[in-house]
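Protein chains in written order, with the working numbering: chain S, 1 to 500; chain C, 501 to 1000. All residues carry an ideal CB built from backbone N, CA and C; glycine is no exception. Keep in mind that this is a model prediction, so the values were computed, not measured.
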């Protein structure tokens, strides 16, 4: 092992990491603190930092060092660091600066056009900008390289190794079963109790702090702030920032927002100290990161044992609105299944149908089989087929998400993969943690956090997602555990038998 | 004019500016938002950013561009930009990257050790970190070069062109006169009215927001937050951040903290748009920057006309504590001259004696005549000689300021220079703004802000301090206007005649 060579590599890798941390902190500040008049200046600051990062990734001396390390026998963690940075550097070199600038311009224009289109209820105002973004993404796919399917090159950014040919049958099986379950729930005639009243925001925030603390989130190595859209930023395992939003008329968005973001936050706080500050301190895929937020938000946070532990505290904060509600009623109220046309407000059962819709459409658009002008029609038709209804209008439908406005293509499937991995992981945790649910019902969430930390968080991306999950659970990707979980839970809530 | 050459220079200059903005935002976040466990990681992030800045300043292509521009006929603003960056680049080339990184690390460690030492009331916990910082500053002075006096090289960073040999006689004259005035005040037997009661922090903050708004600070291009030690950071003229601290038993520290920081903030918001984002958007010296905070805090903020305008509002917020106080009594209460051992809470008369104390000690430490371990003893002895008393303990004494904790040496004299320039500037403003004090007594502070913006803020550092002040006032640096101001004000308040 040539330690001088390694030292050169490690210095470059760590510097890049710190620069990324700085850039991401500027982004956090932009969403939480930035004075209104400062956004133009902030844009320039971030752009310069991104340029420095790009320059360093493309530095020929980095390429030389990586090439020289190919001849060295590296221990697995170092090999993973080299593999990771090599992949990033290669990707950066393949994307010329002209393309990067063109994308930034198209994203700005896309966002503006999307806002206008929503305002005016006119999709046609957005279509040309979307066409431009799709063209740039196709160009990106060709620059990065692929085996004939452009969408795979984009998917690979979020889910390394994933292929649309493997995802489509998975989504088809999943959708069929979810449609069936949703229809049976609708046919059951049962309705969930309403939650009504005034919920003081400061008290909601107090409760959210209690929840994330109970989940084992370390507030001396993190924060919980407010922003327009909740998000989590891991600047470093000792500096993990959750944001949340609050509604006075309903505490559920804030509660499940906090639990969801905290699931991400525990991942970011949980990287082993030895990989903190290296490029392994990250999830191997967006889907695995999302599995942590989904596991906590839905599989744990919407369970009856969880609320047996925490509902009394919530009642004490809001005695007028919740004092007379039984915990079983509250549990039902946080597990309603309905017909939301909006993905981010959808329940667990129909959520993945929303994703199936987006996957079908964006794969077709990137393949060139669907033109932007035809998108609203295709959206409404696919929505009817998958969800059983079509949206009232384009704002509620095809224009609802910001992702395409910003030119993000290939990201949606990660949400569903997160749900599927969450169920696989929780099955294994149930097998390995004695009396897991009884402990949850006493508010003891740390055993689960410890299990996840050891199995998933600590190793970061030393291994890919498939290997990480298999090492933790013995299982590979499958829709079955997730479906079994849904049938068990909603079967009981709505008095259904899976049958068939 | 070779526009391609200029474009290259300007791009480099602006990128450096954006990188500095990013680094300073990380510093602001450290003082206001950073989770306790994250300070080590933050230290590394800042260090890498500083290294990038250093690398770019030392880039030979920048030196070549600057050399090539020497042959061009540049308009004055561009010439000033080149002069400024040339000076910075020269300084940076003299400081090796290893030194820069070591300083950043030592600063982070120094700050942490200082906090621990204050907590534990143990100076010895801070002494080793201070020793390390002083060694780095001596090394810096030698690297930068000096004419035999290391302290001059450090002073020059804050006050370009200043020399300790010139400052010491100025401080000696000033100290003698201030000691005399302070003793006469003590001998006058007059006591200032006490301010007592409970002052809810949220209301104090409301009042501070009203004050800074009345001073013309734009809160859509800035913020007012809390931190342990008040400070101001200008990320950009559209993003200027003030911080303040609050005491429940006395509103004065917060009020004058806010006015002081706002004085700095108006400078940062006041740079002409054409120089925003360039290296001219800064004061030519720390002393001139400080003149703005001092002018507002003391010469305006502690004046009777100011409180004629704003005392009724303060009374309304705190009717129990202040309802029965006359404005003249409140004016006297904010102009008490006493024996504060804490510089930032000292009155105008003894304040500069605190600075004389620090100048004497830090000059001795840098010269190697005083070791960190001997510092508390020397502090107490010098305090007795200059101020007439010594502090109760080290937290109240040698550990009170953050500057040495952060390794800032050579900075303290700027505070006194600020006081002297403030008096010179206000004399000129009184001559040029019709009915200035009557307008102040009606709460009209904008005419003064406009005069300062035009004369001092807008040009930034196109000219040096001496030239800027002379262009604004026709006067050069002198202690006389400041002393005349003090004798007039305190003579009246305490019934004294300057005599002699």
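Residue i: contacting residues in chain S (beta-carbon distance under 7 Å)
{"i": "residue 545 of chain C", "result": "18, 21, 22"}
{"i": "residue 537 of chain C", "result": "220, 221, 238"}
CB contact below 9 Å: residue i versus chain S
{"i": "residue 678 of chain C", "result": "no"}
{"i": "residue 540 of chain C", "result": "yes"}
{"i": "residue 777 of chain C", "result": "yes"}
{"i": "residue 735 of chain C", "result": "yes"}
Residue-level contact to chain C via CB, residue i, 9 Å cutoff
{"i": "residue 33 of chain S", "result": "yes"}
{"i": "residue 25 of chain S", "result": "yes"}
{"i": "residue 8 of chain S", "result": "no"}
{"i": "residue 118 of chain S", "result": "no"}
{"i": "residue 201 of chain S", "result": "no"}
Assigned exposure category for residue i - 16 Cβ within 10 Å defines buried
{"i": "residue 881 of chain C", "result": "exposed"}
{"i": "residue 565 of chain C", "result": "buried"}
{"i": "residue 502 of chain C", "result": "exposed"}
{"i": "residue 323 of chain S", "result": "exposed"}
{"i": "residue 682 of chain C", "result": "buried"}
{"i": "residue 946 of chain C", "result": "exposed"}
{"i": "residue 416 of chain S", "result": "buried"}
{"i": "residue 502 of chain S", "result": "Only positions 1 to 500 of chain S appear in the structure, and residue 502 of chain S is not among them; the question remains open."}
{"i": "residue 968 of chain C", "result": "buried"}
{"i": "residue 632 of chain C", "result": "buried"}
{"i": "residue 931 of chain C", "result": "exposed"}
{"i": "residue 550 of chain C", "result": "buried"}
{"i": "residue 108 of chain S", "result": "exposed"}
{"i": "residue 909 of chain C", "result": "buried"}
{"i": "residue 624 of chain C", "result": "exposed"}
{"i": "residue 961 of chain C", "result": "buried"}
Cross-chain neighbours of residue i in chain C, by beta carbon under 7 Å
{"i": "residue 15 of chain S", "result": "548"}
Contacts of residue i in chain C (Cβ-Cβ under 8 Å)
{"i": "residue 52 of chain S", "result": "519, 552"}
Chain-ordered chain C contacts of residue i [CB-CB under 9 Å]
{"i": "residue 29 of chain S", "result": "525, 528, 529, 533"}
The ligand GDP heavy atom lying under 8 Å from the CB of residue i
{"i": "residue 567 of chain C", "result": "With respect to the ligand GDP, the structure offers nothing, as it holds no ligand at all."}
### Message
Closer than 8 Å is the cut-off here; do at least three beta carbon pairs connect the segment 608-621 of chain C with the segment 571-582 of chain C?
### Response
no
### Segment contact flag, the segment 165-176 of chain S with the segment 475-492 of chain S, C-beta cutoff 8 Å, min 3 pairs
yes
### Task
Just list the alpha helix (DSSP H) runs in the segment 189-238 of chain S, keeping only unbroken ones of 4 residues or longer that don't cross its boundaries, in chain order.
Correct list: 201-214.
### Query
Would you call the segment 249-258 of chain S and the segment 198-216 of chain S in contact, with 3 or more CB pairs under 8 Å?
yes
### Query
Along the chain, which unbroken stretches of the alpha helix (DSSP H) at least 4 residues long are found entirely within the segment 361-425 of chain S?
375-387
### Message
Which complete alpha helix (DSSP H) runs does the segment 773-838 of chain C hold, if anything under 4 residues is left out?
### Response
786-794, 804-817, 819-822, 827-833
### Message
At 3 residues or longer, what runs of the beta strand (DSSP E) sit wholly inside the segment 239-274 of chain S?
### Response
239-244
### Query
Contact between the segment 237-254 of chain S and the segment 198-207 of chain S: three or more CB pairs below 8 Å?
yes
### Message
Quick test of the definition: if touching needs 3 or more C-beta pairs under 8 Å, does the segment 373-380 of chain S touch the segment 388-407 of chain S?
### Response
These segments touch.
### Task
Could you pull out every unbroken alpha helix (DSSP H) segment of at least 4 residues lying fully inside the segment 130-196 of chain S, listed in chain order?
150-158, 164-188
### Task
Output the residue ranges of the alpha helix (DSSP H) runs that lie fully inside the segment 36-74 of chain S and measure 4 residues or longer, sorted by chain position.
39-57, 60-69, all fully within the segment 36-74 of chain S.
### Message
Quick check: the segment 763-770 of chain C against the segment 729-744 of chain C, are at least 3 beta-carbon pairs closer than 8 Å?
### Response
yes
### Message
Closer than 8 Å is the cut-off here; do at least three beta carbon pairs connect the segment 134-141 of chain S with the segment 345-357 of chain S?
### Response
Contact fails: fewer than three Cβ-Cβ distances are below 8 Å.
### Message
Quick check: the segment 766-782 of chain C against the segment 683-694 of chain C, are at least 3 beta-carbon pairs closer than 8 Å?
### Response
no
### Task
Say whether the segment 84-91 of chain S touches the segment 364-375 of chain S, bearing in mind that this needs 3 or more beta-carbon pairs closer than 8 Å, one atom from each stretch.
no
### Message
Is it the case that the segment 503-520 of chain C contacts the segment 24-32 of chain S, given that we only count it when at least three CB pairs across the two stretches are under 8 Å?
### Response
No contact exists between the segment 24-32 of chain S and the segment 503-520 of chain C.
### Query
Taking contact to mean at least 3 C-beta pairs separated by less than 8 Å, is the segment 435-450 of chain S in contact with the segment 286-294 of chain S?
no
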